[in-house]
Structure formats: structure tokens, C-alpha cells
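Here the structure is laid out as C-alpha cells; the discussion comes afterwards.
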Amino acid sequence: MPLYRHGLALLLATAAPSPAIAQVATSVPAPIRFDVERFTLPNGLTVLVHSNRRNPDVFVGVYYKVGSKDEPRGRSGFAHLFEHLMFQPTAHRGGDYLTPLLLAGARDANASTLADYTEYHQTVPTNALDLALWLESDRMAYLAGGLTQASLDEQRAVVRNEALQSPSGASLSERRFQRDFYPAGHPYTRPVIGTMADIDAATLAEVKAWYRTWYGAGNAILVLSGDIDVATARAKVARYFADVPRGPALPRPVALRPEMPGIRRVVFEDAVPAPVITRVWPVDPAAARDMTLLQMVEQTMKVPGPASLQSVLVGEGLPASSLTTAMDQQQLSTTFSLSIAVRPDVPVAKAEAALDAALARYIALGPDQARLSAIAAMTDQMLLRQMQDNAAVGQQMGLGELYLGDPASLLRQRGWTAGATSAQLRQVAARWLSRPFYQQTILPGTPTPLPPAAASTAPDPVVTARPPASAAVSAPMVDRSRLPQPGPFKDAVQFPPLTKTTLANGLTLIVAERHDVPIVDAYLQFPTGTLADLRYAPGTVGQALALMTAGTTETGEAALSAARERAGMVVGGGRSARTSSFSWSTLTRNAPAGFALAADMLRHPAYPQARIDAYNAAAAGRNAAYAAAPQNAAQAVLLNALWGDHPNGRLFGRDTTQPLTHAMLTDFHRRELGADGATLVMMGDITPAEARRLAERHFADWRRTGPAHAVNDAPIAPAGARVILIDVPGAAQTLVTVGQLVPPYAPDRRAAEVVADMALAGDFDSRINMNLRGDKRWTYGFQGGIADAPAGPRLFSASGAIEAIHTAAAMREIRDEVAAIVTTRPIDAVELDGRRTAAIRAIPVTLGSDAAVMQAIVRANDRGRPLDDARRAGERLAAVTQEQVNRVARETYRPAELTWVVVGDLATIERNVRALNLGPVEVRDVYGKRLR
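Just so we're aligned: the sequence shown equals residues 8 to 939 in my numbering.
Right, here's the structure in full:
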């Protein structure tokens with residue numbers, strides 16, 4: 008189902024306790040300030056401002072109150088197509104919208120179209136705010152003067168490639184839902200991406216009419232969040248946006264909630280590994296409090312408790328292997344949905360009956376009150392954390408204004424959440440979930456064709472309105488003949504005070520003090536990773552970490568879950584080839600209790616046999632899902648081709664599946680995990696002395712019993728070029744992945760390597776992407792880069808989906824671009840200056856969050872560098888010379904030795920790919936087995 012969740016819903020989704028991830032506190036709410044200033048220009052532009060001086064950047068977002076719901080018949084996808092056109096030249100600006108922003112150090116410059124709105128955003132260094140406001144106001148007022156038939160055709164081709172990519176296009180389930188759930192003619196019946204027939208029919212005149220109708224200042228919201236005060240915002244916004252036309256008066260959306268006189272069930276087949284049952288109920292979008300409480304309903308359905316759906320539906324011996332829930336809030340009609348994946352050995356009718364009983368039980372009993380207090384407390388903690396992220400705050404402001412008319416609506420929703428009772432949730436669940444619903448039952452099989460849509464008699468939305476003749480526009484207050492140049496950049500990265508010590512047991516303790524937010528984060532990294540799976544069984548490392556929350560030798564899972572809730576603790580884990588990690592976070596007042604619980608989970612995991620059995624039972628489904636999506640195999644097959652039988656290249660599949668055992672997990676835990684050789688990073692509201700006391704109290708006598716395992720970094724596969732083909736009959740696009748192993752990390756060449764990587768494939772405006780997307784229009788995007796690894800050969804790879812008929816030609820262009828950067832077209836002084844400047848200016852924005860700073864500390868420590876090494880990244884980039892960057896490029900990229908993995912319809916592409924003579928050609932399956 009289409010899923011959009013705003014504001015508190017996103018935080019609730021993060022906050023929800025679950026058996027395997029996060030658990031929450033039942034403690035006094037944290038103090039949260041969220042000040043938003045709203046003002047309106049004479050032309051109707053709504054402006055929202057939130058000031059936060061913590062990071063030297065500003066989120067700039069523009070929300071237009073127009074989306075796919077406003078498209079006329081025969082023009083599906085028009086709103087999204089126009090989103091692409093907003094990045095094209097204007098009457099004043101030639102070239103791409105993104106280029107000057109990237110040069111200024113902007114990050115996350117992008118846009119999205121939904122049913123209800125279209126939004127554009129970027130986070131810029133404070134010194135580049137004038138540039139961002141000039142660019143946004145210029146395209147709001149003067150885009151029409153730059154629109155041409157050529158730009159329309161170019162973006163039509165880009166959208167075609169985006170539509171062909173399955174993650175972007177609507178699935179059969181989504182399209183069936185849109186067709187079946189809403190009445191004929193309802194604005195939500197069409198997918199946002201649209202159909203290519205409709206997109207191809209769009210004319211330049213229609214594009215300009217859409218712009219004049221919907222993109223006036225009176226239909227827009229400008230959001231500024233970050234390093235700016237209200238007075239400065241007023242002055243700058245008035246300066247840059249005063250000359251933007253208001254636009255015509257437009258009708259406001261009216262709720263069109265589908266009527267469900269009775270239950271409606273549809274059954275169809277699709278390429279799914281097991282049956283899936285999904286139920287959807289319509290909800291009144293105007294019932295704001297009910298929607299907040301329903302968000303809590305969906306979360307409490309998935310946690311342990313007497314009424315939990317998760318507890319009675321999912322698990323060994325129960326009918327489902329997974330449960331998902333969602334509140335999808337939209338302007339015309341909100342929906343509540345839940346979905347279960349049925350176990351292959353369970354009849355669908357039995358699973359449906361169990362779902363009926365579970366829902367009835369929830370409505371009768373309601374959730375445990377302690378769970379509601381836990382969710383409310385964790386919501387506060389997550390809000391407190393997100394208040395430090397200017398982009399996250401800005402997005403919540405914009406969506407709160409759009410949907411609830413209140414940019415600070417999070418505070419109102421927070422109040423409803425904090426005061427929620429079990430009785431209230433029972434009542435709201437009964438009010439909405441006792442009504443008739445729409446149900447999809449998807450069975451494994453050949454996808455069922457979508458039936459024709461019913462004819463619509465609904466009138467078209469307004470699409471041809473014009474501004475009234477009397478609409479006044481202020482005289483321009485800014486020079487539109489040239490872009491404003493960013494002022495002096497604050498390129499110094501502000502690192503917290505750092506200390507590093509090694510304890511007597513061999514544990515390295517790093518403390519980064521930041522006392523402005525009452526949160527303590529901990530990250531414990533072990534020198535063992537997924538390469539260790541080869542000594543046990545595939546999945547050992549991942550499950551050894553994941554099941555640490557499933558109970559300890561002294562405390563069962565339920566009791567451990569309750570203890571984590573009382574401590575207000577969020578836990579997580581991660582793994583790479585060489586390392587694995589366990590992390591936790593608490594409010595400052597709960598740091599000692601959280602550390603004690605983390606130590607218990609880390610040192611004494613029980614690894615319940617039932618959870619191990621469930622993991623093993625799901626192996627067939629995991630293998631089926633992998634085989635059903637051959638495109639997902641490209642990276643694994645590439646690694647296998649480059650590394651051969653080396654641990655880095657091993658492919659595991661249905662033929663090599665090995666069940667996990669309790670003995671494997673405990674053996675791994677005993678031999679591979681311990682304080683000796685590990686690194687603990689603690690960051691936030693804690694002192695080095697406090698951190699040391701905790702570490703020594705809980706980890707002093709914890710040591711692993713096995714020796715450290717050396718890794719042979721030499722690939723076993725033969726070097727040289729080759730092409731590997733994987734057949735996907737009928738595929739309209741080909742996933743092309745190209746790569747090779749490049750030299751190990753070296754600090755003295757890393758800065759030059761970053762610049763070369765940006766130029767070839769690492770940035771949106773890289774040579775390969777601009778060639779294939781910008782010039783040829785054969786792909787929605789083709790990007791890549793050098794993998795970050797502290798030791799041993801590293802992977803350079805780049806990939807993208809190419810229109811099938813252009814596969815061979817695109818491969819030739821990619822090969823030529825790799826060759827050119829090391830021979831005929833090396834990086835010149837102009838390109839070097841642009842790439843280098845963009846990278847330097849982006850550093851403060853990139854390191855704007857605590858999580859980013861912590862990862863920078865961990866990365867530096869892994870490489871034996873000073874912990875604040877990122878502070879000097881700008882100096883190293885500024886010192887890169889043209890000779891150095893081109894020498895490093897020649898040492899890194901070897902165009903004659905590229906390995907290709909090409910996943911597509913071989914009947915269409917194979918002959919032309921072979922004719923390229925890029926190397927020996929093999930046809931393999933998704934498990935790397937050579938077929939011919």
C-alpha cells in the first residue's frame with residue numbers, strides 16, 4: 008500500500024518497542040522546546056522559521072500544495088514530471104539547478120511528489136543561504152521563461168527510466184489497491200509515477216499552464232530551519248520572494264473518504280514467496296486526535312502484551328511469519344492498514360480467522376498501560392534527538408502546516424500521546440477497525456493482470472486557471488542577472504572534547520563530551536565481522552548480535568524487555584566484513600541502568616532455541632526472495648567474480664544453506680566477543696571519569712577465549728576483465744554493475760582519491776551520470792564509488808538501470824569514461840577547483856549530527872588516525888594538486904581490467920554486449936554458478 012507518514016507518526020514508528028530492536032522508558036517527559044515563527048508575504052507566501060544555532064547550516068524547503076491528486080484525466084504522472092522540470096533552466100539561470108548548490112557545499116538537494124503535495128529541499132551552509140533563496144525564488148517566479156520542448160523531452164526520458172525501475176514504480180498490490188479501494192474517478196486511484204502514455208502526451212503548453220496555476224507564491228510554504236533568526240529570515244525572504252506572483256485562487260481539498268458498505272475481498276496471484284493478507288480501513292483525515300491514537304494502536308499491536316497481534320500471530324507454531332501496520336495520512340482520505348505474511352504450511356483461511364480473533368482480542372482488552380507510557384517516553388527522547396537535526400525539524404514543520412495547519416503540531420500530538428490510556432485506544436480501535444474493510448489476499452504464482460479501470464464521471468481538477476489581471480507583483484528587489492556568491496565559509500568542524508584511554512583488560516575507551524542535550528550514546532565495536540561466518544555458518548554474526556535482546560541467561564525476554572523500558576534504552580547492532588557493533592542510547596539520568604543492561608545482554612545472551620528455529624525455518628523464504636529478484640544479486644556476484652573463493656567473495660544460497668545451532672552462536676560469542684581488542688565510544692552528556700567507572704564495573708573481567716583471526720587480503724580470483732550475464736527474461740531495463748579492486752586505504756592519497764571519485768562516478772554531476780542520464784537519457788541514475796574499508800583491497804563499483812535497448816551502448820560509454828579520466832581527458836584545473844571546493848564546503852553540513860561525528864571518530868580510530876581527523880579534511884582537500892589527483896586516478900582505475908555484471912533480458916542484450924569485446928563473457932545464475 009502507498010505509505011506516507013508525517014511528524015509524530017515517524018517518531019512513533021521509531022519509538023515502538025519490539026522484541027528485536029528498541030525498547031523504551033517509562034520516565035518523566037524530557038523538556039522540549041519547539042519554537043516556530045510563521046509570517047506571510049503580501050503575495051501570499053507562507054514562511055515558517057525555526058532557529059537552532061547548533062550547526063552552521065540551514066534547511067530550505069518549499070512545499071507546493073499540488074500533487075498527483077490534482078492531475079486531469081489523461082495526464083497521470085504530470086505532477087511528478089513537472090517536479091523534474093523545476094530543476095531545468097529559468098529565464099535568468101542557465102544550466103542545472105543543482106550545480107551551483109553542490110559547488111556551495113549543499114547536501115540532500117532533492118525533491119519528491121506525492122498525491123497531496125510536491126516538495127523541494129536542500130540543506131546549505133549558512134553562508135550559502137542567499138544562494139538557495141535566490142534559486143528557489145527564481146524558479147518559483149521565472150521557470151516558464153526557461154522551459155523548452157527540448158527540456159520537456161529530456162525529462163520525459165528520465166521519468167521513463169525512473170518508472171521502469173521497480174522500486175520507483177507501483178507494485179501490482181499497490182495498483183490493485185488504488186483501483187479497488189477508491190471509487191472510480193477518485194484522485195487517489197492513479198499512481199504518482201503515472202503511465203508513459205499519459206506522460207508522452209503532455210505538451211509544453213500544458214506544462215506552462217500547470218506552472219502558472221499551481222506554482223504561485225500563494226500556493227507555497229517556505230520552511231527555514233537552522234542557523235538563522237527570524238529577523239534575518241524576514242529580511243531575506245522579502246528580498247528574494249517579493250516579486251513572485253501570487254497565482255490564482257485555488258479550491259482547497261475536500262475530504263473524499265471511501266464509503267465501505269461491506270467487507271470487500273480480492274484474491275490474486277503475484278510473485279511473492281508466501282501468501283500475504285492485507286486489510287485497509289478508511290479513516291476521516293479531519294479526526295486529528297483519532298489519527299494520533301491510531302498511530303499508537305498500530306505500534307502496540309506489534310509489541311509484547313496481552314492484546315498484541317504480534318504475540319498471537321507471529322512466531323513458531325503461529326500462522327504468520329511477519330506483521331506490518333501503517334497509518335497513511337493524506338488530505339482526502341486517511342487509511343489504517345495491517346498485513347501478515349502467512350507461513351507456507353498454514354491454510355490462508357486459518358490465518359484469516361486468526362487475524363479476526365486477534366483484532367477482536369485487541370479491541371476487547373486494549374494494550375498494556377505500561378506500553379503506552381513507554382511509547383510516550385520514547386517519543387520524547389526521539390523528539391529531543393531530532394530537534395538537533397535541522398532537516399528533520401524543517402520537514403516536520405512543513406508537513407504539520409500542510410496537513411494540520413500547525414507547523415508545531417508535534418507538540419499537540421505529543422500531548423495526546425502522553426495522555427493516552429488503554430481505554431482510549433480500545434475505543435478508537437473499535438470506532439475505526441470494527442467497520443467494513445478492504446482485504447487483499449496475494450497468493451504465490453504468476454502475476455494476475457490488472458483488470459480495466461471503471462469509467463469515471465468525476466470532473467477534472469482545475470488545471471487551466473490564470474492569475475487575475477489585477478494581481479499585483481512587487482518590483483524585483485534582487486539582481487536576477489547573476490547568482491549571489493556565498494560568503495566566507497565556516498569550514499572549521501566543531502568536534503567535542505575527546506579523550507582516549509586503554510583499560511587494563513585491553514578495551515579502548517573513547518569519550519566525546521557534549522552536554523547540551525541530556526542523552527548518552529554508546530557504540531561498542533568488536534574486531535570480528537561477517538568473515539567469521541565461514542568458521543561457523545552463514546548468518547552467525549548477524550544472529551549473535553540480533554538475539555542479544557531475546558533474553559539473557561538470568562533474565563527472560565519479557566523481563567529483559569521491561570527492564571529496558573524502565574531504563575529508557577534504545578539498542579541496535581551492525582556488522583561489516585571485519586567488525587561488528589552493539590550500540591545503545593539512554594537519557595543521561597538512565598545511563599548507569601542502561602549500561603548495566605547492555606553489559607548483561609552482551610555478556611550473557613541466552614540465544615533461545617525457539618528464535619534460532621524460527622530463523623532456520625525462514626531460510627527457504629529468504630532464498631526464494633533472493634532468487635525472485637535477480638537484480639539484487641549483482642553486487643554479490645561481482646564480489647564473487649573479483650575475490651573468487653576468498654571469504655570476501657563467498658556466495659551463500661539454497662545449495663549452501665546451513666542451519667544455525669545454539670552451539671554455533673555460543674561458540675562464536677565465547678571465542679570472538681570480549682572487551683579485549685574492542686573499542687567503546689561514548690558520546691554525549693557524560694564525563695570521561697563516569698564512562699570509565701561504568702566500563703570498568705561491567706567489562707573489567709570480560710575477555711574472549713579465541714585468538715584474533717588474521718585475514719588474507721589477497722584475492723583468489725584471477726585478475727583481468729570479464730563480463731558476467733544474468734538472465735531476466737522480459738526485463739525492460741538492464742542493471743549494469745561495473746567494478747574492480749583498487750589499492751588499500753592510504754592517508755596520504757585519500758583526499759586526491761575523493762576528488763577523483765567525485766569526478767568519475769561519486770556525485771550526481773559526475774562524468775558517468777551526466778553522460779548516461781543528462782546527455783543520453785538512458786538511465787534514471789548511474790553512480791558509485793570506492794567502498795570505505797580500513798585495510799586490504801577495496802571495491803570500486805558503479806551501477807544503474809539502463810534501458811534494455813541501450814545496454815551495450817551504455818557499457819561502451821562507461822568504459823570510455825573510465826579510460827578518459829586516466830588518459831585523454833584527465834581532470835583539469837577547472838574541474839579540480841569545482842570538485843575540491845564542493846567537497847570542502849560540504850564538510851560542516853556532512854558532520855552536522857552527533858551520529859555523523861561519532862562515525863567519524865570510529866572511522867579515524869579504525870585507521871590509526873587522530874580521533875578528530877575529520878577536522879583537517881578541508882586542509883587536505885585544499886592541498887590536492889592537479890598532478891596528484893590525476894596520478895591517483897591512474898593508480899586507481901584500470902579500464903582494461905573492469906569486471907561487469909549485467910542483469911537483464913539476454914534475448915535482447917546478449918549479442919550486442921558480446922560484440923563489445925570487453926572481456927570473456929560468462930552466463931551465470933544468481934548464485935554465481937556458471938551456466939555457459
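Don't be surprised by glycine CBs; every beta carbon is placed ideally from N, CA and C.
Length of the line joining the Cα atoms of residue i and residue j
i	j	result
Gly-373	Ala-437	10 Å
Gly-405	Pro-599	38 Å
Asp-932	Pro-736	13 Å
Pro-851	Ala-859	11 Å
Leu-552	Ala-845	38 Å
Thr-1	His-128	Outside the modelled stretch of the chain, which goes from 8 to 939, sits residue 1, for which no answer is possible.
Gly-513	Ala-685	7 Å
Gln-740	Gly-911	7 Å
Pro-695	Val-688	11 Å
Ala-624	Thr-664	11 Å
Ala-500	Ala-636	The sequence shown places Val at residue 500, rather than the Ala named in the question. Cα to Cα, Val-500 sits roughly 42 Å from Ala-636.
Leu-554	Leu-567	12 Å
Phe-496	Tyr-104	21 Å
Tyr-167	Gly-84	In the sequence under discussion, the amino acid at residue 167 is Arg, which differs from the Tyr named in the question. Roughly 11 Å between the two C-alpha positions.
Leu-680	Asp-876	28 Å
Leu-391	Thr-53	26 Å
Asn-1007	Leu-109	Limits of the chain in this structure are 8 at one end and 939 at the other, which puts residue 1007 out of reach.
Residue j beta carbon less than 8 Å from that of residue i
i	j	result
His-705	Ala-606	yes
Pro-800	Leu-748	yes
Gly-153	Thr-97	yes
Phe-89	Val-290	no
Thr-509	Thr-515	yes
Gln-162	Tyr-787	no
Arg-710	Asp-683	yes
Ala-880	Leu-874	no
Ile-270	Ser-346	no
Val-762	Arg-842	yes
Gly-792	Gly-769	yes
Ala-356	Leu-48	no
Tyr-71	Ala-170	no
Neighbourhood of residue i by C-beta, 8 Å cutoff - its chain only, sequence neighbours within 5 removed
i	result
Arg-937	Glu-929, Val-930 and Arg-931
Ala-22	Caution applies to Ala-22, whose pLDDT of 40 falls short of 50 and renders its modelled position unreliable; the model cannot decide the point.
Gly-74	Ala-86, Thr-120, Leu-121, Ala-122, Asp-123, Tyr-124, Thr-125 and Val-199
Residues near residue i in its chain [Cβ-Cβ closer than 7 Å; skip 5 each side]
i	result
Val-470	With a pLDDT of 39 at Val-470, under the threshold of 50, the modelled position of that residue is not reliable, and no figure is offered here.
His-522	Asp-692
Asp-207	Arg-163
Asp-236	Ser-58
Asp-396	Ser-856
DSSP three-state assignment for residue i, whether helix, strand or coil
i	result
Phe-188	helix
Ala-922	helix
Lys-215	helix
Met-608	helix
Glu-929	strand
Asn-50	coil
Ser-804	strand
Arg-677	helix
Lys-507	strand
Glu-917	helix
Gly-101	coil
Arg-1009	Any answer about residue 1009 is impossible in this case: the structure gives the chain only from 8 up to 939.
Pro-599	helix
Ala-685	coil
Leu-159	helix
The ligand HEM heavy atom lying under 7 Å from the CB of residue i
i	result
Arg-677	The ligand HEM is not part of this structure, which contains no ligands at all.
Contacting residues, own chain, Cβ-Cβ under 6 Å from residue i (five flanking each side not counted)
i	result
Leu-136	Val-65
Stretch pair the region 308–325 + the region 288–300: three plus CB contacts closer than 8 Å: Of all C-beta pairs linking the region 308–325 to the region 288–300, fewer than three are shorter than 8 Å, placing the two stretches out of contact.
Mind the definition here: the region 486–496 touches the region 314–328 only if three or more C-beta pairs lie below 8 Å; say whether that holds. Cβ pair count under 8 Å is below three, so no.
Taking contact to mean at least 3 C-beta pairs separated by less than 8 Å, is the region 256–271 in contact with the region 334–352? Yes, since at least three Cβ pairs between the region 256–271 and the region 334–352 fall closer than 8 Å, the two stretches touch.
Whether or not the region 419–428 and the region 136–152 are in contact is what I'm after, with contact meaning three or more pairs of Cβ atoms, one per stretch, closer than 8 Å; do they touch? No, because fewer than three Cβ pairs between the region 136–152 and the region 419–428 fall closer than 8 Å, the two stretches do not touch.
Are at least three pairs of beta-carbons, each pair with one atom in the region 635–650 and one in the region 578–598, less than 8 Å apart? With a cut-off of 8 Å, the region 578–598 and the region 635–650 do not count as touching, because too few Cβ pairs lie within range.
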